[in-house]
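In the working numbering, the protein residues as written are 300 to 982.
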């Protein structure tokens with residue numbers, strides 16, 4: 300069955316209802332197929348058999364007589380093993396395709412295919428259940444029909460949507476992301492009169508008062524018409540309904556209140572303004588159903604729109620957001636500049652990922668002269684080609700001093716190649732002679748550290764120092780792209796995990812190997828702990844018991860005689876339930892702390908604590924396994940001298956467990972203290 304079928308390309312082609320796949324079922328005609336687009340749908344196969352079985356296909360005419368007659372298209376593979384074959388536009392090859400892993404029968408799987416302009420290249424990307432599995436440079440086409448040729452797959456399809464735009468941008472990925480107050484996620488140089496944005500929201504609980512989810516804003520809260528449209532809040536009543544602003548007749552506070560949405564469940568919200576028969580129509584959809592529509596008699600475009608999730612003027616909703624994207628402007632509008640995603644100041648990827656070609660994972664606004672690139676790699680095979688692992692660059696591959704800062708590769712014999720800008724050379728290579736083992740994890744750490752006034756470039760493999768050379772001409776870099784792997788070389792067949800890229804002077808206090816926690820274990824003395832810093836480590840508890848059990852603590856003297864004697868510090872909570880208690884600065888309350896959710900025993904968990912200057916405010920942030928779980932402004936930031944670092948401290952029982960990869964990044968806006976180095980104990 301199918302309903303609400305519309306032929307407007309920006310609309311739903313098949314609604315969010317189970318719909319049987321039928322051979323030769325034409326569901327839409329697209330007048331113009333733009334160079335940039337996104338398609339997604341859910342599919343549930345009943346059974347598999349040998350032979351090509353089609354799911355969807357965009358084409359002009361015959362089966363494969365033209366390059367644009369098969370892209371995009373999705374089939375169940377000829378082998379009958381349940382894998383998908385998805386066409387790939389590459390080098391004019393009509394039959395180029397990507398084969399996925401098998402998907403389970405009688406279960407819904409989510410497919411997403413997109414082609415977006417990434418800097419100067421059109422990149423064709425495939426995602427399966429939210430995971431990026433294929434990415435190549437691509438070409439573009441003129442027009443399309445959605446019509447299958449081959450035998451149809453015995454399955455059902457749900458929620459297929461084509462999204463077309465000259466300016467599509469994913470603001471928050473399709474991963475559960477906590478809503479945080481004053482979280483700026485993007486800047487839109489021009490918000491067009493026609494737009495669409497959508498996201499999924501999952502509230503944990505409700506309370507009275509306005510709680511923000513997303514907001515597009517230029518100025519203050521409600522001083523201008525463009526200060527609240529669009530914006531989404533949970534309603535003041537606390538009943539779980541949404542309040543969504545409506546642009547109508549210049550009324551700043553005009554809004555639409557939805558029915559309550561259930562807690563602890565994902566709800567899909569879509570807000571659009573489209574030109575329909577000469578009128579700009581503002582529409583709200585909730586879980587695929589149109590719940591509000593009105594003509595906007597005063598449509599406007601806006602410049603320099605800041606996008607928040609959530610905003611700075613209201614409490615953040617207790618809950619999560621994911622798959623937040625914006626479609627800005629019409630397909631024929633070529634003058635709208637790209638949306639600017641807020642750059643990351645660091646990179647942390649904990650989970651295991653397969654290396655992928657042309658995989659841009661972050662853009663760092665600034666890379667200091669001192670930095671760290673650290674990860675674990677598990678190569679699965681070596682072959683004749685020189686293959687890339689990770690590449691930091693401001694733009695190109697190798698012909699500029701800012702293009703390999705650094706980049707890492709494998710030779711066919713398993714030797715690791717590290718290339719960097721050093722001592723006036725723009726592409727200096729260092730080769731690690733010992734081959735890395737196949738199908739085993741190896742630890743790689745590349746860093747540039749400042750010792751007194753001298754910078755050293757260092758490479759560690761499995762915690763053994765392999766390269767240690769002075770860099771007499773260190774540079775800092777702006778707008779550094781991080782590829783994992785890059786678009787210029789073949790990609791090393793391998794998995795990567797525990798990727799960390801930080802800017803600043805990194806001191807490794809405990810190496811990346813299992814180390815027992817011991818009471819009164821002094822591991823280092825930091826001469827000056829600056830107002831801006833980052834601390835991270837991995838912890839693995841063996842068991843839990845009631846009472847405070849220390850993991851790490853930075854202090855000057857006694858336990859709680861001074862404000863600076865407990866921040867930061869990490870304990871397993873007194874309750875013995877496996878949660879962490881992490882000290883929090885800000886109100887000069889020595890006992891102020893944040894309690895995390897319990898972490899599992901006999902498993903490594905990654906903790907990151909940092910204090911950074913953000914828009915003139917010092918923000919103290921806690922991350923657990925890569926997810927931000929707490930953030931607050933520290934209104935009384937201080938720097939401290941002669942800070943003793945314990946793992947664990949002298950006044951509490953040590954936690955029964957282990958610690959590894961404990962490091963501190965100590966910086967002050969790029970200025971480092973000379974002639975002051977960390978003193979280590981028992982390293």
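C-beta: ideal position from N, C-alpha, C; glycine also.
Keep in mind that this is a model prediction, so the values were computed, not measured.
What are the partner residues of residue i, as DSSP defines its beta bridges?
i	result
residue 691	781
residue 956	840
residue 608	In DSSP, residue 608 forms no bridge with anything.
residue 530	514
residue 385	373, 397
residue 870	849, 880
residue 814	958
residue 757	746, 767
residue 356	372
Residue i to residue j, Cα distance in whole Å?
i	j	result
residue 811	residue 483	34 Å
residue 464	residue 820	Low local confidence applies: a pLDDT of 39 at residue 464 is under 50, so the model's placement there is unreliable, with the coordinate-based value given in what follows. Taking the straight line from one Cα to the other gives about 58 Å.
residue 762	residue 743	8 Å
residue 469	residue 911	25 Å
residue 656	residue 508	47 Å
residue 499	residue 569	9 Å
residue 785	residue 689	7 Å
residue 343	residue 404	7 Å
residue 658	residue 678	17 Å
residue 611	residue 931	12 Å
residue 769	residue 697	22 Å
residue 513	residue 735	47 Å
residue 806	residue 480	31 Å
residue 540	residue 532	9 Å
residue 316	residue 354	16 Å
residue 944	residue 826	11 Å
residue 841	residue 902	8 Å
residue 861	residue 876	Legend: pLDDT at residue 861 = 48, less than 50; position of this residue unreliable, no value from coordinates given.
residue 546	residue 372	39 Å
residue 559	residue 347	41 Å
residue 898	residue 871	10 Å
residue 900	residue 848	14 Å
residue 818	residue 587	57 Å
residue 684	residue 801	30 Å
Apply the 10 Å Cβ neighbour rule to residue i and answer buried if 16 or more other Cβ atoms are within range, or exposed otherwise.
i	result
residue 962	buried
residue 730	exposed
residue 538	exposed
residue 387	buried
residue 720	buried
residue 935	exposed
residue 667	buried
residue 609	buried
residue 327	buried
residue 772	exposed
residue 799	buried
residue 687	buried
residue 491	buried
residue 506	exposed
For residue i, which of the options has the nearest alpha-carbon?
i	options	result
residue 868	575, 326, 539, 884	884
residue 829	726, 942, 938, 808	938
residue 984	941, 625, 775	Here the chain covers residues 300 to 982 and nothing more, so residue 984 does not appear.
residue 837	809, 844, 845	809
residue 329	353, 341, 358	358
residue 600	432, 493, 920	493
residue 905	789, 346, 572, 926	926
residue 382	338, 432, 336, 424	432
residue 488	646, 709, 644, 602	602
residue 873	947, 855, 713, 844	844
residue 917	474, 833, 622, 724	833
residue 788	709, 803, 557, 878	709
residue 895	402, 923, 908	923
residue 319	341, 751, 767	341
residue 495	474, 652, 501, 530	530
residue 816	685, 948, 897, 759	948
residue 907	956, 835, 940	835
residue 565	559, 501, 607	501
residue 385	644, 595, 399	399
residue 775	739, 703, 714, 485	703
residue 321	352, 738, 665	352
residue 515	692, 485, 644	485
If we define contact as Cβ-Cβ less than 8 Å, is residue i a contact residue for chain B?
i	result
residue 408	Chain labels in this structure do not include chain B; a single protein chain is all it has.
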